[in-house]
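Residue numbers (this note's numbering): 2 to 905.
For glycine and all other residues, C-beta sits at the position ideal for the given N, C-alpha and C.
Below: the structure, in structure tokens.
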Amino acid sequence: MDTLVSQTETAFSLDVATLFPFELDDFQKEAIAALDQGRSVVVCAPTGSGKTLIGEYAIYRALARGKRVFYTTPLKALSNQKLRDFREQFGSDRVGLLTGDTSIARDAPIVVMTTEIFRNMLYGTRIGEVGTSMIDVEAVVLDECHYMNDQQRGTVWEESIIYCPPTVQLVALSATVANGGQLTDWIDQVHGPTDLIYSDYRPIPLAFSFCGNNGLFPLLDETGKAIHPSFKVRRKAKGAKHDRKGREIPEIPSLGFVVGQLQQRQMLPAIYFIFSRRGCDKAVRDLGPISLVNAEEAVRLKARIDAFLAQSPEAARSGHVEPLMRGIASHHAGVLPAWKGLIEELFQEGLVKVVFATETLAAGINMPARTTVIASLSKRTDSGHRLLLPSEFLQMSGRAGRRGLDDQGYVVTVQSRFEGAQEAAHLATVGPDPLVSQFTPSYGMVLNLLQKHSLEEAKELVERSFGRYLANLSLKPEQEKIAAVEAERDRLQAELADVDFVALAEYDKLYGRLKEEKRLLKILHEQAEEVVHRDLAMALSFAVAGTILSLKGRHVPVPEPLPAVLIAKIPGSGQFPWLLCLGMDNRWVVATTSDVVGLHAELARVSAVDYLHPPAHLQKPGQHGKGDEATAWIAEKLWELSQRHHLALAGSDLAEEVVQQAEQVEAVNTLLINHPVHRWQNRKRLHKRQQQLQALEDEIGDRRARLEKLGQRHWQEFLSLMSILENFSCLEDLKPTEMGENVAALRGDNELWLGLVLMSGELDGLTPAEFAAASEALVTEVSRPDLWTRFDIPPAVEDALMGVRGLRRQLQQQQSRRNVFTPIWLELDLTGLVKAWAEGMDWNELCAATSLDEGDIVRVLRRTIDFLAQIPHMPYLQAGIKDTARAALGLINRFPVKDLEDEA
């Protein structure tokens with residue numbers, strides 16, 4: 002190592018050319034230069050482009066300086082792989098490993114760990130301080146940093162970046178994402194100076210092809226940015242089948258045909274992605290007896306497989322040994338880890354030619370191939386069937402092309418029933434998705450932060466999340482809109498600065514009072530009219546010619562009641578007769594009883610009407626006619642009477658309460674007219690401006706409330722969790738109680754639930770095997786409807802877990818009230834299986850007694866192991882429970898659940 006290093010007055014300088022005896026790509030040089038300047042880096046580059054070299058440089062540099070490096074990965078399998086690689090590269094004594102159930106040389110200068118372990122380590126000290134576990138750590142490599150997009154575990158990456166001491170350099174290695182600049186800017190803000198190192202250059206270029214029933218052809222044109230012209234014209238196939246809607250059903254090439262095409266074109270070895278475990282296993286069977294290896298490779302394969310089976314006979318996968326001898330394998334989560342490890346090693350050595358794999362293989366495992374085949378461009382998810390996301394497609398595509406072995410990598414998409422070349426070309430050219438935040442407060446986060454920080458400090462940490470950063474960016478247009486509205490409000494306020502709004506308010510109040518008085522007058526008038534009309538209807542039946550009336554209504558449309566004299570009654574179409582009258586205006590009119598608003602019985606009848614001869618054509622209501630000299634005298638008589646009596650008023654106008662209210666209206670109107678504001682010429686404009694000003698104030702308030710709600714979402718979740726923890730006596734005066742410190746020591750989907758059960762006393766009497774079974778029920782979700790097992794639920798386990806159902810119900814109620822959706826697992830289906838394994842049952846016998854795949858059984862047991870390993874670290878838990886947990890852990894943590902290398 003000393004030959005690689007020279008020391009100047011300011012810093013170490015490594016001989017990069019000796020470390021890496023080949024020409025580095027530009028992005029690698031940029032990243033190394035940034036690290037040497039003391040800056041953190043975010044490296045966004047395609048899969049297989051050489052990002053790991055930058056992490057290796059950080060390790061070489063730390064070793065040269067006598068410092069340490071933490072190398073974090075998202076998966077235990079990846080951590081194990083890095084452990085093997087780094088031991089070979091740097092020496093076994095220099096590399097340690099920390100995962101949920103394994104601790105090897107934790108004080109070594111290079112420690113590989115899962116990112117979750119690193120986050121948990123940071124919980125032990127105040128943010129910004131260097132704890133004992135971080136002493137001499139110069140850099141932390143966050144491999145596969147694009148895992149921030151993972152819905153379940155993405156929050157771990159954000160917390161790790163937020164909590165990491167600013168003196169430690171971060172080396173974030175990510176596949177290409179659409180918003181690498183935003184990620185870099187966020188890290189720069191919350192951690193320290195950070196550079197984005199971006200490259201879309203692939204040292205091994207990719208060629209995209211499409212395989213249909215008639216062969217394998219280039220998918221893209223010469224530019225690589227659009228679909229090949231041959232796919233733009235759809236030719237109708239002869240004899241093609243059609244569905245019920247008349248659409249052509251495409252012919253799907255057989256698996257053997259696709260693999261044959263790859264073999265003919267020397268495009269093997271290949272990873273063939275199929276989005277179901279059963280599909281992968283079926284593909285191995287469907288290929289039949291064909292062999293993809295030559296004689297020399299077949300001999301090497303047999304020797305390697307025989308050696309593996311001699312050491313681990315129980316790890317052999319039934320029905321898959323013989324296909325593996327022919328270079329064909331299946332790789333998915335249902336496969337035993339030890340068997341998967343063998344497949345990965347053989348594939349890397351070029352002895353396995355086709356691996357049928359689910360997309361989990363694309364997530365970081367070092368298995369580059371010459372070709373990747375993507376069988377379908379859509380997949381089923383919890384929310385339904387959907388097209389692949391661009392980043393999913395790119396992640397799988399990136400496995401093609403082996404550096405140092407291939408000049409060209411190949412990506413083959415296959416015609417399926419629902420997708421063809423158009424969809425494939427779209428995914429191949431659209432570019433990556435952006436990173437989003439999955440930051441989610443948890444019970445463990447709340448308790449661990451409040452152990453070392455005040456509530457205000459905890460809030461500041463929560464608001465450092467990438468989610469808050471992205472929210473601020475997305476809310477920037479809203480903030481700009483608020484600023485614009487506030488500017489308009491300020492302008493209006495300046496314009497109205499000299500207006501006496503107190504006087505205007507008084508005037509408005511007076512005006513409102515006038516409206517109310519007029520409304521009341523109208524009501525009183527209508528009530529009086531009802532009374533008058535009821536009385537008039539009776540009086541009119543006795544009225545005779547010469548009776549003086551007041552008319553106003555539909556057939557006598559006048560502004561004020563018209564004095565008139567009744568001349569004659571004409572038979573009408575209804576109950577009441579029509580009234581032929583002569584008005585004060587010397588005009589004849591035919592009215593109805595509803596047009597009469599006053600009958601003046603107190604006045605003597607006009608006898609002169611007895612001598613009049615009305616026009617014969619006036620027979621229907623509303624008809625009018627001019628009077629003559631004979632009627633003029635009577636009209637003049639009516640005018641004289643109207644001067645001495647209130648003939649121009651309706652009877653309802655003379656009601657006492659109407660008269661009093663009319664006087665009140667007049668009094669208020671006088672006050673209004675005499676008010677100073679009444680003389681203002683711009684009252685309407687001022688009112689409009691005032692309304693605009695109020696509307697702006699309301700809009701500002703609404704927008705600020707929405708902004709606050711969106712911006713404070715994570716903090717509100719934090720406070721909700723605090724409230725629940727206080728309810729269960731885990732927090733007191735904003736600090737964890739002994740019960741809270743117990744919960745803080747746990748990591749899981751719902752740490753509070755786990756802690757409450759362990760401290761309930763219900764599990765105290767269980768044997769270690771029963772305790773292991775009960776623990777499984779608390780940490781595992783059984784979501785497969787076709788699950789079966791021949792093991793009964795152990796009675797003691799069932800009794801113990803029945804005792805915590807009330808506790809579970811209380812927690813569910815508390816979470817429901819506060820809109821907290823953290824799962825509370827209590828699944829007893831597999832407890833019998835776990836107990837049987839803990840009691841020493843043979844692995845093959847265990848697997849034969851359940852519908853679960855081997856890999857699923859291992860995952861269930863490893864989750865249980867991870868939980869059991871945490872229990873002894875709970876500071877205030879009874880020693881007996883801790884001892885039982887240790888014993889249970891020892892019973893179930895054995896091969897093949899525990900890797901052989903972990904036992905070594």
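C-alpha gap between residue i and residue j, whole angstroms
i      : j      : result
Gln814 : Leu759 : 20 angstroms
Ala888 : Leu829 : 21 angstroms
Ala746 : Leu834 : 28 angstroms
Ala65  : Leu184 : 30 angstroms
Val562 : His676 : Strictly speaking, residue 562 in this sequence is Pro, with Val absent from that position. For Pro562 and His676, the distance between alpha carbons rounds to 33 angstroms.
Thr126 : Gln90  : 32 angstroms
Ile872 : Gly257 : 51 angstroms
Val559 : Gly702 : 53 angstroms
Pro616 : Cys582 : 11 angstroms
Ser466 : Glu700 : 29 angstroms
Phe209 : Gln349 : 23 angstroms
Leu869 : Leu390 : 37 angstroms
Glu507 : Lys685 : 15 angstroms
Ala837 : Ser392 : 42 angstroms
Arg810 : Ser398 : 47 angstroms
Trp908 : Val678 : No statement about residue 908 is possible, as the shown extent of the chain runs from 2 to 905 and does not include it.
Glu223 : Ile253 : 26 angstroms
Nearest-angstrom Cβ-Cβ length linking residue i and residue j, presumed shorter than 8 angstroms
i      : j      : result
Thr115 : Pro166 : The Cβ separation is near 19 angstroms, so there is no contact.
Val70  : Ala140 : 5 angstroms
Leu892 : Ala770 : 6 angstroms
His281 : His321 : It is Cys, not His, that sits at residue 281 in the sequence shown. Their Cβ separation, rounded to whole angstroms, is 10 angstroms, which puts Cys281 and His321 out of contact at 8 angstroms.
Asp144 : Thr73  : 6 angstroms
Leu726 : Val447 : 6 angstroms
Pro795 : Ala774 : 6 angstroms
Any C-beta of chain D under 8 angstroms from that of residue i
i      : result
Arg492 : Among the chains of the structure shown, chain D does not appear; only one protein chain is present.
Sub-8 angstroms separation of residue i and residue j beta-carbons
i      : j      : result
Pro433 : Ala179 : yes
Val591 : Leu550 : no
Asp26  : Pro204 : yes
Leu197 : Gly182 : yes
Cys848 : Glu855 : yes
Arg318 : Ile291 : no
Range covered by the beta strand (DSSP E) that runs through residue i
i      : result
Glu658 : Premise fails: Glu658 lies in the alpha helix (DSSP H), 657 to 675, not in any beta strand (DSSP E).
His625 : 625 to 627
Gly599 : 597 to 600
Arg279 : Not the beta strand (DSSP E): Arg279 falls in the alpha helix (DSSP H), residues 278 to 287.
Ile118 : From DSSP, Ile118 is part of no beta strand (DSSP E) but of the alpha helix (DSSP H) over 116 to 123.
His332 : 329 to 332
Residue i (DSSP reduced to helix, strand or coil)
i      : result
His1   : Since the first residue shown for the chain is 2 and the last is 905, residue 1 is missing from the structure and cannot be characterised.
Ile162 : helix
Pro558 : coil
Cys582 : strand
Lys736 : strand
Tyr512 : helix
Gln813 : helix
Ile794 : coil
Arg887 : helix
Lys303 : helix
Leu20  : helix
Met875 : coil
Gln695 : helix
Val533 : helix
Cys848 : helix
Phe577 : coil
Ser7   : With a pLDDT of only 38 at Ser7, under 50, the local geometry of the prediction cannot be trusted, and the value read off the model is given with reservation. In this structure, Ser7 counts as strand in the three-state DSSP scheme.
Tyr61  : helix
Glu464 : coil
Ala140 : strand
N- and C-terminal bounds of the alpha helix (DSSP H) containing residue i
i      : result
Pro338 : 338 to 349
Phe719 : 714 to 728
Trp589 : Note, Trp589: premise wrong, no alpha helix (DSSP H); beta strand (DSSP E) at 588 to 592.
Lys83  : 77 to 91
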